[in-house]
Structure formats: C-alpha cells, structure tokens
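Let me begin by presenting the structure, written as structure tokens, before commenting on it.
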Amino acid sequence: MRPPPCLRRNDHSYMLNEVYDFESRRHREGKPVESFVRQKIEACRALQNLGENISEQYLIGKIVDLLSPSWMHVKRTIFQRHVIENATHLMNALMEEEHNVHYLWMEFERGPMMPNSTMRAHILNKENQFRSLRKKGFKPNIENLVQAIVNTLPPTWPKARILQNLKQNRMDMRALGAMLEEIETDIICLQALDKVEQQLRQQEDQQEKKRQKVIIHIPFRKTVRTYPFS
Numbered sequence: 015m016r017p018p019p020c021l022r023r024n025d026h027s028y029m030l031n032e033v034y035d036f037e038s039r040r041h042r043e044g045k046p047v048e049s050f051v052r053q054k055i056e057a058c059r060a061l062q063n064l065g066e067n068i069s070e071q072y073l074i075g076k077i078v079d080l081l082s083p084s085w086m087h088v089k090r091t092i093f094q095r096h097v098i099e100n101a102t103h104l105m106n107a108l109m110e111e112e113h114n115v116h117y118l119w120m121e122f123e124r125g126p127m128m129p130n131s132t133m134r135a136h137i138l139n140k141e142n143q144f145r146s147l148r149k150k151g152f153k154p155n156i157e158n159l160v161q162a163i164v165n166t167l168p169p170t171w172p173k174a175r176i177l178q179n180l181k182q183n184r185m186d187m188r189a190l191g192a193m194l195e196e197i198e199t200d201i202i203c204l205q206a207l208d209k210v211e212q213q214l215r216q217q218e219d220q221q222e223k224k225r226q227k228v229i230i231h232i233p234f235r236k237t238v239r240t241y242p243f244s
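Just add 14 to the spot in the sequence shown (first one is 1) and you have the working numbering.
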C-alpha cells in the first residue's frame with residue numbers, strides 16, 4: 015500500500031524504493047516463498063497506483079526470475095505443471111512446489127520413523143518438526159501433520175486404512191495417537207509370537223538333525239577256529 019503523504023518525503027524517493035523492491039529484491043534462500051510473492055504483488059500494485067503500466071505477465075516473469083538458486087529446477091517446469099493465469103495462481107503453485115524444495119518440508123513429510131522408535135516418540139518428533147516450520151514462517155496445518163505422521167510409518171503398517179479412519183474422525187490428533195498406539199501394541203504382540211514360533215521351529219530342526227546323525231553300530235566278532243592235524 016502507498017503510505018500517506020505525512021509518512022513519505024516525496025513521490026520520487028518512494029517510487030525508487032518501490033522500483034527496487036519490485037525489480038531487484040531477490041528471494042532469500044530458505045525463506046517462505048509466499049511472503050516473497052506477496053511483497054512483489056504489493057510492490058507492483060504500488061507502482062501501478064503511481065501510474066506505471068505493469069502487466070500481469072511481466073509480474074509473473076519477474077517473480078520467477080528472482081527466486082533463489084534452489085528453485086532452479088522449478089523455474090524450468092512450473093509453467094508446464096501448473097495452469098498460471100495470474101500472480102495469485104503462481105503463488106499457490108510455488109507454495110505447492112515448496113514441499114519438494116525446502117529441507118524442512120522434506121524432512122517433515124518424508125523423514126521416516128526411526129528404527130526401534132516408539133510411536134509416541136515418532137509423533138513427538140513430527141510435532142517438533144511442525145513447530146519448526148511454523149517458526150520459520152511456513153504455514154503447515156493439522157492435516158499436513160497427520161499425513162506426515164502416517165506417511166512416514168514403516169511400510170508394513172496399514173497406512174491407507176489409518177487415513178480412511180481419520181477422515182471419519184476429521185483428522186483428530188487424539189484419535190490418531192490412540193489408534194497408532196493400539197496398532198503398535200498389536201504389532202509388538204505379533205512380532206513376539208513370530209519370534210517364539212521361530213525359536214520352536216529351530217529347536218525342532220535341531221532335534222531332527224540329531225536323530226539323523228544317530229548310527230546304530232552292530233559289533234562284529236571275529237572267531238578263529240583251530241583244527242587238529244590229522
């Protein structure tokens with residue numbers, strides 16, 4: 015928004031600042047792309063209010079050009095993968111792509127459950143990553159948190175069934191925690207049973223091998239007969 019006359023020295027210096035913000039200020043590495051795009055849109059609207067003729071396509075191109083280097087692969091494909099008609103569409107597309115660019119998003123959504131970790135520790139770890147994203151200015155929601163917890167479970171877990179049940183409970187975190195801990199208990203019990211069955215099979219195999227090694231030796235007595243000479 016253009017500041018009131020009492021807060022600016024003159025239109026010329028104000029316009030120079032807006033031109034710099036719009037034409038030259040780059041996206042800082044690791045910062046949320048949403049705030050960067052909003053700043054560009056506001057700077058563009060301010061220049062338009064001062065009489066500058068800036069098209070929507072020029073604004074879109076300027077936003078893409080000034081993205082940080084980590085977005086290089088996105089720049090090449092953004093217009094092929096998304097239908098972008100204005101700067102708002104571009105912002106939404108970039109926010110979607112950000113999940114595959116920023117390390118915090120990738121760690122949050124793809125970091126697997128640690129081996130030998132309890133379910134409670136896994137949920138706590140994802141909640142901490144959720145808060146880290148919030149502190150950096152990103153906007154993950156509860157649905158993102160729930161999906162991150164479920165999608166990073168071990169491959170043997172029934173992820174589709176868990177998500178289906180959660181949709182019925184409207185992504186309730188308490189319902190998720192109770193459900194996962196119940197499944198964890200069942201899995202631990204099944205693993206314990208499998209271990210006992212494996213030990214029993216090993217013992218049976220060992221006994222069978224011992225039986226096969228038993229050889230019955232029949233002693234052979236050699237008798238020597240002597241005959242008197244006739």
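Each residue gets a CB set at the ideal place from its N, CA and C atoms; glycine is no exception.
Model, not experiment: these values are computed from the prediction.
- Comparing C-alpha distances from Phe122 to each of Gln94, Ile156, Leu104 and Asn100 shows the shortest one belongs to Ile156.
- Counting only runs of 4+ residues, the alpha helix (DSSP H) found wholly inside the segment 58-106 occupies 70-79 and 86-95, in chain order.
- The C-beta distance from Leu73 to Cys58 rounds to 5 Å, short enough to fall under 8 Å.
- The beta carbon of Arg40 sits closer than 6 Å to those of Leu80, all from its chain and outside the five residues before and after it, given in chain order.
- Taking Gln62 as the centre and dropping the five residues before and after it, the same chain places the C-beta of Ile68 closer than 8 Å to its C-beta, in chain order.
- In this structure, Gly151 and Lys45 form a Cβ contact; the two beta carbons are roughly 7 Å apart against a cut-off of 8 Å.
- Judged by beta-carbon spacing, Leu180 lies beyond the 8 Å limit of Lys173, meaning their Cβ atoms are not closer than that value.
- One thing to note: Val33 has its Cβ no nearer than 8 Å to the Cβ of Ala101.
- Spanning the alpha carbons of Asn165 and Gly191 requires a straight line of approximately 14 Å.
- For Glu198, the closest of Glu99, Ser38 and Met127 by C-alpha to C-alpha distance is Met127.
- In this structure, Ala107 and His116 do not form a Cβ contact; the two beta carbons are roughly 15 Å apart against a cut-off of 8 Å.
- Distance from the CA of Thr91 to the CA of Gln213, rounded to the nearest whole angstrom, comes to 55 Å.
- Between the alpha carbons of Ala162 and Glu99 lies a gap of roughly 31 Å.
- Arg40 carries a coil assignment under DSSP once its states are collapsed to helix, strand and coil.
- Within the same chain, Cβ atoms closer than 7 Å to the Cβ of Glu112 are found at Val47 and Trp119, the five residues on either side in sequence being excluded.
- Check the Cα spacing between Glu56 and each of Gln220, Arg42 and Asp35: the tightest is with Asp35.
- If you look at Lys149, you'll find it in the alpha helix (DSSP H) that goes Met133 to Lys149.
- Closest option to Met86, judged by alpha-carbon separation, among Glu43, Ser131, Arg148 and Leu194: Glu43.
- Taking all protein chains shown into account, Val160 has 16 or more neighbouring C-beta atoms within 10 Å of its C-beta and is therefore buried.
- Counting only the Cα atoms, Arg175 lies some 55 Å from Glu66.
- Counted as a single uninterrupted DSSP element, the stretch harbouring Asn114 is not any alpha helix (DSSP H), since DSSP gives it neither H nor E.
- Per the C-alpha coordinates, the member of Ala135, Arg124 and Leu104 positioned closest to Gln71 is Leu104.
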